[in-house]
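Novice: Chains as they are written, first to last, in the numbering used here: chain A, 112 to 280; chain B, 35 to 211; chain C, 744 to 898. Got a structure here, written out as C-alpha cells. Questions coming.
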Amino acid sequence: MDYKAQLKLQALLDGELPEGEASAVAQWVAQDREAAALLEELRNTRGALAGFDAEVRLPESREFFWSKVERGIQRLETPAPKLARVSYFSLVRRLLVPASAVAVVLIAGLMLIPPAGPTGHTIATEMETALADSGAFTYRDYSAGATLVWLSYPAEDEAAEIDEMGTFD
Amino acid sequence: MAAFEELVARHRDRIYARAYSMMRNEEEAVDLSQEAWVKGWQRLAQFHGESSFATWMTRIVINLCLDQLRKHKRQRAESIEAMDEESGGVERQMPVITVNPTAGLERGELRQRIDQALGQLSYEHRTSLVLHEFEEMEYREIAKTMGCSIGTVMSRLFYARRKLAALLADLKNRNTV
Amino acid sequence: MRAKLIPGTGLLWLSTALALLAGGELRAQAADMKFQAFLLWGTDNSKPPEGKTYKPIAVDIRQKLKELPIKWTNWFEVNRKDFAVTQGVVSEVAMSEKCQLNVRKLGDSEVEVTLIGKGKEVVKRKQSLPKGEMLVLGGNAPNSTAWLVVLKRIE
C-alpha cells in the first residue's frame with residue numbers, strides 16, 4: 112500500500128474526503144485486508160483519545176488563579192508608576208542648584224529648630240546600617256508607600272546555610 | 035470584572051487542559067492559561083459570538099502555546115529522530131497494530147498510558163493530534179493555525195496516530211510481561 | 744503710659760494651647776504602634792514546595808509588592824505575626840526558628856527595625872513608617888527563589 116493510499120484511509124476516517132472519493136475508498140477497504148487493518152488501527156487510536164482531557168483540572172484554587180489573572184489585567188490597565196529610586200546625591204544636587212543661597216538658608220533654618228521629644232528627632236531620618244551585608248540596596252516607592260531593602264545576604268550559593276538557617280521552617 | 039471571573043471559573047479547566055496537552059508541562063500550562071485569560075479580557079470586545087466563548091478562548095491559548103513551542107524549538111538542537119519525523123517515512127513502514135492496545139484497561143490506566151505516549155511525540159505531531167482529536171478542527175483549519183500546508187497536516191497526523199498506536203502497544207506489552 | 748503686654752487671658756489661652764499641644768504629642772508618643780509582620784517566600788513556581796502548607800498572600804500586600812522592583816511571580820505566606828510596639832520597649836518577633844525581627848519605636852512615626860538571622864544582626868534600619876506603609880526586607884534563596892520579611896504598620 113503506498114503512502115498516498117494510507118493518507119486516503121486517514122482522510123476517510125476523518126470525513127475529509129469528497130463524497131465520490133469516500134465511496135471509492137470505502138469499497139477498496141471492504142476488499143483489502145491490509146487497508147481494513149490499518150483503518151481499524153487508526154480508529155482504535157481515535158477511540159483511545161476520545162475524552163482524554165475531559166478530566167484534566169487546573170492545579171490551582173479558583174481564588175489563587177483568579178488573583179493572578181486579575182493582576183495581569185490590572186497591569187494592562189494601570190500604567191506602571193514612574194519608579195523613583197531615591198538617590199541622595201541627586202537630592203543634594205537639586206537643593207544646591209540653582210538656588211544655592213535658598214538651600215543654605217533652608218538647611219541652616221532646619222538646623223536651628225530645637226529638637227522635640229525624648230529622642231531628639233524632628234525630621235524623619237533614614238539611616239541604614241548593614242551589619243552583615245555591604246551589598247544591600249534601598250528602594251523607596253512613595254506612591255505605593257513601601258520601602259524595599261534588598262540584601263545580598265544570604266548569597267545564592269550559600270544554599271546549605273539557608274537550609275540551616277531554616278528561614279522557612 | 036466579577037462576570038469575567040465567573041467565566042474564568044467556568045472554563046479554566048478546559049483552557050488549562052488544552053495548554054497542558056500541548057505543552058506537557060504543568061507550570062508552563064498554568065502560565066499560558068493565565069496569559070490567555072488576560073488576553074481574553076483584552077480582546078473581549080472582539081468576541082462576537084461566532085463560536086462559543088470556550089472555543090474562542092481555546093483558540094487564544096492554542097496560539098499562545100504554539101508561539102511558546104516555536105520558541106522552544108528554536109532553542110532545542112534538532113535530533114536525528116526529530117528530523118526523521120519531520121521528513122516522514124517511519125510511519126509508512128510500521129506494522130499495523132491489529133490488537134486494540136487499550137482494550138481491557140481501566141480509564142485511569144488508559145489516561146496514564148496516553149499521557150505517557152503523547153509526551154513522546156514531537157510538538158508538531160502532538161499539536162496536530164491535539165487540534166484534530168480534541169479541538170475537532172478540520173485539516174484546513176489546523177494548517178492555518180500551524181502555518182503549514184494541508185498535506186503536512188495530514189502527514190503529521192498520520193505519523194502521530196501511528197506512533198501513538200505503537201507506543202500504546204509497547205506499553206501494553208511491557209506491562210503484560 | 745505703660746505699654747500693655749500680652750493680656751492675661753490671652754496668656755492663659757496660649758498656655759492652654761501649648762499644654763494641649765505638648766500633651767497631644769506626649770500622648771501620640773506614648774500610644775502603641777501596631778504592626779503586621781509577614782515572612783514570605785517568592786518563586787516563579789505556581790505552588791509551594793511539596794509538603795509545605797504556605798498560603799497565598801493578602802491582596803493588599805501583593806498589590807504593593809508588584810510595585811517594587813522584585814521579579815518573582817508568586818509569593819506565599821510562610822508566617823505572620825501581629826504585634827504592638829510600646830515606646831521604650833523593643834518588640835522581638837520570631838518569624839521563624841532562626842529569623843527574628845526586632846522593632847523599636849523611636850518617635851511618632853519612626854522606628855528602628857533589626858533583622859536577625861541565626862542569632863546575628865543582618866541589617867538594622869531606622870526610618871519613618873507611617874500607618875499603612877510597609878518596610879520590606881528581602882534577599883535571594885536557593886533555586887532562584889526569594890525570602891521577604893514585610894513589616895506593615897496598621898496603627
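The beta carbon of each residue, even a glycine, is placed where N, CA and C say it ideally should be.
Which whole-angstrom value describes the C-beta separation of residue 876 (chain C) and residue 896 (chain C), a residue pair presumed to lie in contact below a C-beta threshold of 8 Å?
Specialist: Here residue 876 (chain C) refers to the residue found at position 133 when the third sequence is read from its first residue. Here residue 896 (chain C) refers to the residue found at position 153 when the third sequence is read from its first residue. Going by Cβ atoms, the distance from residue 876 (chain C) to residue 896 (chain C) rounds to 6 Å, so yes, they are a contact pair.
Novice: Could you round the C-beta distance between residue 815 (chain C) and residue 785 (chain C) to whole angstroms and report it? I think they count as a contact, below 8 Å.
Specialist: One-based indexing of the third sequence puts residue 815 (chain C) at position 72. One-based indexing of the third sequence puts residue 785 (chain C) at position 42. Yes, residue 815 (chain C) and residue 785 (chain C) are in contact; Cβ-Cβ is about 4 Å, under 8 Å.
Novice: By how many angstroms is the C-alpha of residue 72 (chain B) removed from the C-alpha of residue 39 (chain B)?
Specialist: Within the second sequence, the letter at position 5 stands for residue 39 (chain B). Within the second sequence, the letter at position 38 stands for residue 72 (chain B). Going by the C-alpha atoms only, they are around 11 Å apart.
Novice: Would you list, in chain order, the members of the stretch 52 to 78 of chain B that have their beta-carbon closer than 7 Å to a beta-carbon of chain C?
Specialist: Against chain C - using a Cβ distance shorter than 7 Å - the residues of the stretch 52 to 78 of chain B are 61, 64.
Novice: Quick check on residue 849 (chain C): does DSSP put it in helix, strand or coil?
Specialist: For the purposes of this step, residue 849 (chain C) is taken as the residue at position 106 of the third sequence. Reduced to three states, the DSSP call for residue 849 (chain C) is coil.
Novice: Just to make sure I have the definition right: I need the residues of chain C whose C-beta is within less than 8 Å of the C-beta of residue 167 (chain A). Which are they?
Specialist: Sequence index remark: in the first sequence, residue 167 (chain A) carries index 56 (1-based). Chain C residues near residue 167 (chain A): none, gap ~15 Å exceeds 8 Å.
Novice: Grab me the residues of residue 174 (chain B)'s own chain with a C-beta within less than 7 Å of its C-beta, minus the 5 sequence neighbours each way, in chain order.
Specialist: Walking along the second sequence from the start, residue 174 (chain B) turns up at place 140. Correct list, in chain order: 184.
Novice: Just to check my reading of the structure: residue 836 (chain C) and residue 260 (chain A) have Cβ atoms closer than 8 Å, yes? What is that Cβ distance to the nearest angstrom?
Specialist: As a first step, residue 836 (chain C) is located in the third sequence; it is residue number 93 there, counting from the start. As a first step, residue 260 (chain A) is located in the first sequence; it is residue number 149 there, counting from the start. So it is not a contact: roughly 17 Å between Cβ atoms.
Novice: How many Å lie between residue 799 (chain C) and residue 819 (chain C) at the Cα?
Specialist: Locating residue 799 (chain C) in the third sequence gives position 56, where the first residue counts as 1. Locating residue 819 (chain C) in the third sequence gives position 76, where the first residue counts as 1. Those two C-alpha atoms are separated by around 5 Å.
Novice: What separation, rounded to the nearest whole angstrom, lies between the Cα atoms of residue 236 (chain A) and residue 50 (chain B)?
Specialist: Position 125 of the first sequence, counted from the first residue, corresponds to residue 236 (chain A). Position 16 of the second sequence, counted from the first residue, corresponds to residue 50 (chain B). Any reading at residue 236 (chain A) is ruled out, since the residue's pLDDT is 44, under 50, leaving its predicted position unreliable.
Novice: Could you pull out every residue in the same chain whose Cβ sits closer than 7 Å to the Cβ of residue 176 (chain B), ignoring the five residues on either side in sequence?
Specialist: What you label residue 176 (chain B) is simply residue 142 of the second sequence in a count that begins at 1. Counting only Cβ-Cβ distances below 7 Å, and skipping sequence neighbours, we find 162, 165, 166, 187.
Novice: Helix, strand or coil: how does DSSP classify residue 859 (chain C) here?
Specialist: Mapped onto the third sequence, residue 859 (chain C) falls at position 116. Strand, per DSSP.
Novice: Just the chain A side, please: which residues come within less than 9 Å of residue 793 (chain C) by C-beta, in chain order?
Specialist: Position 50 of the third sequence, counted from the first residue, corresponds to residue 793 (chain C). Going along chain A, no residue has its Cβ under 9 Å from residue 793 (chain C), so there is no contact; the nearest lies around 13 Å.
Novice: Just to confirm the assignment, what range does the beta strand (DSSP E) spanning residue 779 (chain C) have?
Specialist: If you number the third sequence from 1, residue 779 (chain C) lands on position 36. It spans 776 to 786 - the beta strand (DSSP E) in which residue 779 (chain C) sits, taken as one unbroken run.
Novice: Name the chain B residues that come within less than 8 Å of residue 788 (chain C), Cβ to Cβ?
Specialist: For this step, residue 788 (chain C) is matched to residue 45 along the third sequence. The answer, in chain order, is 61.
Novice: Would you mind telling me which residues of chain A sit closer than 9 Å to residue 897 (chain C), beta carbon to beta carbon, in chain order?
Specialist: Looking up residue 897 (chain C) in the third sequence gives position 154. The contacting residues do not exist; residue 897 (chain C) stays about 12 Å from chain A at best.
Novice: If I'm right that residue 167 (chain A) touches residue 42 (chain B) with Cβ under 8 Å, what's the distance once you round it to whole angstroms?
Specialist: Against the first sequence, residue 167 (chain A) aligns to sequence position 56. Against the second sequence, residue 42 (chain B) aligns to sequence position 8. Wrong, their Cβ atoms sit about 16 Å apart, outside the cutoff.
Novice: When the Cα atoms are used, what is the spatial distance from residue 182 (chain B) to residue 794 (chain C)?
Specialist: Locating residue 182 (chain B) in the second sequence gives position 148, counting from the first residue. Locating residue 794 (chain C) in the third sequence gives position 51, counting from the first residue. Taking the straight line from one Cα to the other gives about 45 Å.
Novice: Measure the C-alpha to C-alpha separation of residue 234 (chain A) and residue 872 (chain C) and round it to an integer number of angstroms.
Specialist: Translated into the one-based positions of the first sequence, residue 234 (chain A) becomes position 123. Translated into the one-based positions of the third sequence, residue 872 (chain C) becomes position 129. With a pLDDT of 36 at residue 234 (chain A), under the threshold of 50, the predicted position of this residue should be treated as unreliable, though the coordinate-derived value follows. Cα-Cα distance, rounded: 13 Å.
Novice: Please list the terminal residues of the continuous alpha helix (DSSP H) segment that includes residue 896 (chain C).
Specialist: As a working note, residue 896 (chain C) is residue 153 in the third sequence. Segment 888 to 896 is the beta strand (DSSP E) holding residue 896 (chain C); no alpha helix (DSSP H) there.
Novice: Since residue 195 (chain B) meets chain A, which of its residues come closer than 7 Å, beta carbon to beta carbon?
Specialist: Numbered from its first residue, the second sequence carries residue 195 (chain B) at position 161. Near residue 195 (chain B) (Cβ distances below 7 Å), the residues of chain A are 153, 156.
Novice: Going by beta-carbon coordinates alone, are residue 782 (chain C) and residue 821 (chain C) separated by less than 9 Å?
Specialist: Counting from 1 along the third sequence, the entry for residue 782 (chain C) is found at position 39. Counting from 1 along the third sequence, the entry for residue 821 (chain C) is found at position 78. For residue 782 (chain C) and residue 821 (chain C), yes; Cβs fall inside 9 Å.
Novice: Would you say residue 835 (chain C) reaches chain A, if we count a Cβ-Cβ gap shorter than 9 Å as a contact?
Specialist: The residue given as residue 835 (chain C) occupies position 92 in the third sequence. Not closer than 9 Å to any Cβ of chain A, the Cβ of residue 835 (chain C) fails to qualify, so no.
Novice: Distance, Cα to Cα, residue 147 (chain B) vs residue 202 (chain B)?
Specialist: For the purposes of this step, residue 147 (chain B) is identified with residue 113 of the second sequence, where counting begins at 1. For the purposes of this step, residue 202 (chain B) is identified with residue 168 of the second sequence, where counting begins at 1. Taking the straight line joining both Cα atoms gives about 7 Å.
Novice: Count the other C-beta atoms from every protein chain shown that fall within 10 angstroms of the C-beta of residue 161 (chain A), then say buried if there are 16 or more, exposed otherwise.
Specialist: If you number the first sequence from 1, residue 161 (chain A) lands on position 50. It is exposed - the Cβ of residue 161 (chain A) has fewer than 16 other Cβ atoms within 10 Å.
Novice: What are the residues that DSSP puts in a beta bridge with residue 204 (chain B)?
Specialist: For the purposes of this step, residue 204 (chain B) is taken as residue 170 along the second sequence, with counting starting at 1. Residue 204 (chain B) is not bridged to any residue.
Novice: Tell me whether the beta-carbon of residue 150 (chain A) lies closer than 9 Å to the beta-carbon of residue 140 (chain A).
Specialist: Indexing the first sequence from 1 puts residue 150 (chain A) at position 39. Indexing the first sequence from 1 puts residue 140 (chain A) at position 29. Taking 9 Å as the Cβ cut-off, residue 150 (chain A) and residue 140 (chain A) qualify as a contacting pair.
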